[in-house]
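Peer 1:
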Amino acid sequence: METLYITKRGWDSFIKGKAEICNIFAPFEYEGQLFYSRVSPDIEKDIVYNKARTVEPVKLFFSPFKERVVPEVKELTEMVIMGVTACDINGLKILDRVFMGDDYKDPNYANRREKTLIISSDCLSPYPACFCELVGTHPYPEDGFDLNISLFEDGMLVDIGSDKGRSFIGEDQKFFQASKEQINKREQNRKKTSEKIKENNRDFELDDITRKLKGAYQTDLWKLPKDIENCVQCGSCTNNCPSCVCFLLEDTGTQETMKKVKVWDSCLFPGYARMAAGVSPRPTLYDRYANRLLCKYWYMIENYNRTGCTGCGRCIAGCAGKIDKRKVLTEVLRERQRI
Amino acid sequence: MENIYNPIRCEVREVITESPTIKTVVLTPEKEFSFLAGQFASLTVPGVGEAPFTPSSSPYDKEKLEFTVMKAGRVTEAIHNLKSGDIVGVRGPYGQPYPLDKYSGKEILLVGGGVGLAPIRALFLALMETISNYKRIVFCCGAKTPDDYIYKDLIFDKWQKLCEKNPLCFRITVDRKDEKWKYNEGVVTKTLDGLDINIKNSVAVVCGPPIMMKFTTLKLLEIGYAENQIYLSMERKMYCAIGQCRHCLIGDKFVCKDGPVFTYEQIKDKPNIWA
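Chains as they are written, first to last, in the numbering used here: chain A, 2 to 340; chain B, 1101 to 1375.
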């Protein structure tokens, strides 16, 4: 992969120029947390690079909470999304498989993906809830982006991940070929972040998780971690998850013009799998909580050959019941180990 | 790009009352809608909602499309309230059909209970089109009471006449008979007692309410059917019908994509399959 170097000032002026002609979204800090906001040409200096993930998952841009799918949305504009961390890039890989992978392509999702340029970035200050290293991924993206930026001393390294990324840079003279030394230095930075995440997670053990969770349906098994009873079934974990895809369809049209609206749903909601006559295959909270984790660490691997959890930790940080999923899983896996 | 959620408009030609809780809607699709027996479609009542149903009409009938629906919730109630001339939407077909090539040369045991006779009807009509491919059909039907039977004119009359010239027989029962009932009394599993079938060269197809499917499967296993000889038509809450919304998962299997027809072997280890 080709890697370029640009000074921070050079990059700021590059983005300022781009913000005048394209729709750019980037992370900005608000009360210590990062949120995506539209970049207007005068605020490019406030963009936060290479810190950590944003509060909201990037899936919001491609599959909004609620939108019309019949007829599909026609007036989609081109977008550039900056500062996407590796956990969100891995979330998009699941979304791509779900919404564009098979014979059936979700029209709005596929159109937006085509019209969007992704500029990812290394994560350098992970939160305590971050655990990407525990699920076999890293705090820096290796593919799945158009451009990736790594903050580096007084400038940044820019990896070119696609032709789309290359043409975004074009012939801009502010970019130079990165040196081997610079790339080595970046590797050291990346390793440091990885080590920090491992250190933050030393109390948790998720090794061999898929094998251990296969067949772990038993309601009683999920009653063992006492924390699960604190779940208030609010759907925060699923809404904040970069790879949770569940949705429902509402019909709002008339016989003349049928309309369908797609709305996010949550498998933690009691009504999620309940059928017309009132029967549910997952009647208790424990069944539903188990289902979400089995879906992440087992079903999605069967369905898409890829784990559904990216280790972003949003489900932990945002949990109204203060449940640490890592603790729950460690306890369940320990029990599965014994039998 | 074609919009996967866009239904085909269909005009309601007729609404037939089958039983106190079950109606059949007869539709004329604006565009041809082809399906194989066992596949399902999503039926939209505009402004109300959408739900998955397996057509109950013959897959060979290109003129009309029928769905037999029990009133159980909001969408099914709206379907019951349809009048001829109304417009509904249909998209599909989706899912795996009954693998008729695997049934060739075999004795086919059909077991349908209540509204579960609907998909079995489509299958039965498809089998009858090529009846020489199969050794024999044994059709077991059940319902709670005589009044609860759907397709009364077919089961008690027209289809009975087919038995004269075809390798076909019926075993008909109700849970509770009335004074006019001339067939058996007892739950549908009772019709499986004393079957004169060479089970080694047979397949069983079961569709009905979950409790009926459970006890029928157990009975079939007891009388010697292997797990992969038992075909079940499964139901789950469903929205997208194309393997995206994940509502219909039974364990890691999508009812919409991997099913709705499964062998018992495929799903026996999944959680709560009889819910």
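Glycine included, every Cβ here is placed at the ideal spot set by N, Cα and C.
Does the CB of Gly322/A have a neighbour CB from chain B at under 7 Å?
Peer 2: Judged by the 7 Å Cβ criterion, Gly322/A is not in contact with chain B.
Peer 1: Contact check, Gly1242/B vs Val1305/B under 8 Å by CB: the rounded distance?
Peer 2: Between Val1305/B and Gly1242/B the Cβ distance is about 14 Å, and since that is not below 8 Å, they are no contact.
Peer 1: Going by Cα to Cα distance, which pick from Phe15/A, Ala20/A, Lys17/A, Val56/A is closest to Glu30/A?
Peer 2: The shortest Cα separation from Glu30/A among Phe15/A, Ala20/A, Lys17/A, Val56/A belongs to Val56/A.
Peer 1: Pull out every residue of the region 1140-1153 of chain B whose Cβ sits closer than 8 Å to any Cβ of chain A, in chain order.
Peer 2: So the close ones are Thr1144, Val1145, Pro1146, Gly1147, Val1148, Gly1149, Glu1150, Ala1151.
Peer 1: Looking at C-alpha atoms only, which residue of Cys320/A, Gln178/A, Ile25/A is the closest neighbour of Asn240/A?
Peer 2: Nearest option by C-alpha distance: Cys320/A.
Peer 1: Strictly under 7 Å for the Cβ-Cβ distance: is Pro65/A near chain B by that measure?
Peer 2: Chain B contact via Cβ: absent.
Peer 1: Compare the C-alpha of Tyr6/A against each of Lys175/A, Lys60/A, Ser163/A, Pro108/A and name the closest.
Peer 2: Ranking Lys175/A, Lys60/A, Ser163/A, Pro108/A by Cα distance to Tyr6/A puts Lys175/A first.
Peer 1: Using beta carbons (cut-off 7 Å, strictly below), is Tyr105/A in contact with chain B?
Peer 2: Answer yes: the Cβ-Cβ gap between Tyr105/A and chain B drops below 7 Å somewhere.
Peer 1: Name the chain A residues that come within less than 9 Å of Gly1173/B, Cβ to Cβ?
Peer 2: The contacting residues are Met276, Ala277, Ala278, Gly279.
Peer 1: Using beta carbons (cut-off 7 Å, strictly below), is Lys1202/B in contact with chain A?
Peer 2: Judged by the 7 Å Cβ criterion, Lys1202/B is not in contact with chain A.
Peer 1: How would you call Arg327/A, buried or exposed, if buried means at least 16 neighbouring beta carbons within 10 angstroms?
Peer 2: Result: buried.
Peer 1: Within the 7 Å Cβ cut-off, does Pro282/A reach chain B?
Peer 2: Output row for Pro282/A: interface = yes.
Peer 1: By the three-class DSSP mapping on this structure, what secondary structure does Ile95/A have?
Peer 2: If DSSP states are grouped into helix, strand and coil, Ile95/A belongs with the helices.
Peer 1: My output table needs one value for Gly1189/B: the three-state DSSP class, helix, strand or coil.
Peer 2: Three-state result, Gly1189/B: strand.
Peer 1: Is it true that the region 50-69 of chain A meets the region 328-340 of chain A, where meeting means three or more beta-carbon pairs spaced less than 8 Å apart?
Peer 2: No, because fewer than three Cβ pairs between the region 50-69 of chain A and the region 328-340 of chain A fall closer than 8 Å, the two stretches do not touch.
Peer 1: Under 7 Å, Cβ to Cβ, is there at least one residue of chain B near Tyr300/A?
Peer 2: Interface residue, yes.
Peer 1: Kindly list, in the order they appear in chain A, the residues whose Cβ is closer than 7 Å to that of Gly1343/B.
Peer 2: Near Gly1343/B (Cβ distances below 7 Å), the residues of chain A are Asp103.
Peer 1: Quick check: does the Cβ of Phe1270/B come within less than 6 Å of any heavy atom belonging to the ligand COA?
Peer 2: Only the bare structure without any ligand can be found here, which leaves the ligand COA out of the picture.
Peer 1: What does Leu269/A reach in chain B if we use C-beta pairs closer than 7 Å?
Peer 2: Within 7 Å Cβ-Cβ: nothing; Leu269/A doesn't reach chain B, min ~13 Å.
Peer 1: DSSP three-state call for Arg307/A: helix, strand or coil?
Peer 2: Of the three classes helix, strand and coil, the one that applies to Arg307/A here is coil, per DSSP.
Peer 1: If we define contact as Cβ-Cβ less than 7 Å, is Tyr342/A a contact residue for chain B?
Peer 2: Lying before the first or after the last residue shown, residue 342/A is absent from chain A, which here runs from 2 to 340.
Peer 1: Do the region 186-196 of chain A and the region 132-145 of chain A make contact, defined as three or more Cβ pairs closer than 8 Å?
Peer 2: Contact between the region 186-196 of chain A and the region 132-145 of chain A is present, because at least three Cβ pairs lie under 8 Å.
Peer 1: Counting C-beta neighbours from all protein chains within 10 Å, is the total for Tyr1160/B 16 or more, i.e. buried, or is it exposed?
Peer 2: Classification of Tyr1160/B: exposed, given that the 10 Å Cβ count is below 16.
Peer 1: Under the three-state reduction of DSSP, which class applies to Cys1345/B: helix, strand or coil?
Peer 2: DSSP places Cys1345/B in coil when its eight states are reduced to three.
Peer 1: Just list the residues that DSSP pairs Glu1285/B with in beta bridges.
Peer 2: According to DSSP, Glu1285/B bridges with Val1274/B.
Peer 1: For chain A, find out if any of its Cβ atoms is closer than 7 Å to the Cβ of Met1101/B; answer yes or no.
Peer 2: Closer than 7 Å to some Cβ of chain A, the Cβ of Met1101/B qualifies, so yes.
Peer 1: Check the Cβ-Cβ distances between Pro1294/B and every residue of chain A, and say whether any is below 7 Å.
Peer 2: It is worth fixing the name first, because residue 1294/B is Gly in this sequence and not Pro. No, its Cβ sits nowhere closer than 7 Å to a Cβ of chain A.
Peer 1: Does the Cβ-Cβ distance between Cys313/A and Pro243/A come in under 7 Å?
Peer 2: Yes; because the gap between Cβ atoms is below 7 Å, this pair is in contact.
Peer 1: Taking 7 Å as the CB-CB limit, is Glu73/A close to chain B?
Peer 2: So, interface residue.
Peer 1: Comparing alpha-carbon positions, which option in Gly1294/B, Gly1351/B, Val1112/B, Leu1136/B lies nearest Tyr300/A?
Peer 2: Considering only alpha carbons, the answer is Gly1351/B.
Peer 1: Please list, in chain order, the residues of the region 233-251 of chain A that have any C-beta partner in chain B closer than 8 Å.
Peer 2: Cβ contacts with chain B come from Val246, Cys247, Phe248, Leu249, Leu250, Glu251.
Peer 1: Helix, strand or coil for Thr1154/B per DSSP?
Peer 2: If DSSP states are grouped into helix, strand and coil, Thr1154/B belongs with coil.
Peer 1: Show which residues of chain B have a CB atom less than 7 Å away from the CB atom of Asn306/A.
Peer 2: Per Cβ cutoff of 7 Å: no residues; Asn306/A is ~12 Å from chain B at best.
Peer 1: The beta strand (DSSP E) that contains Cys1307/B, what's its start and end?
Peer 2: Cys1307/B -> beta strand (DSSP E) spans 1302-1307.
Peer 1: From the DSSP secondary-structure annotation, give me the bridge partner or partners of Pro28/A.
Peer 2: DSSP lists Tyr37/A as partners of Pro28/A.
Peer 1: Any idea if Leu1318/B is buried or exposed, counting beta-carbon neighbours within 10 angstroms, 16 or more meaning buried?
Peer 2: Flag for Leu1318/B reads exposed.
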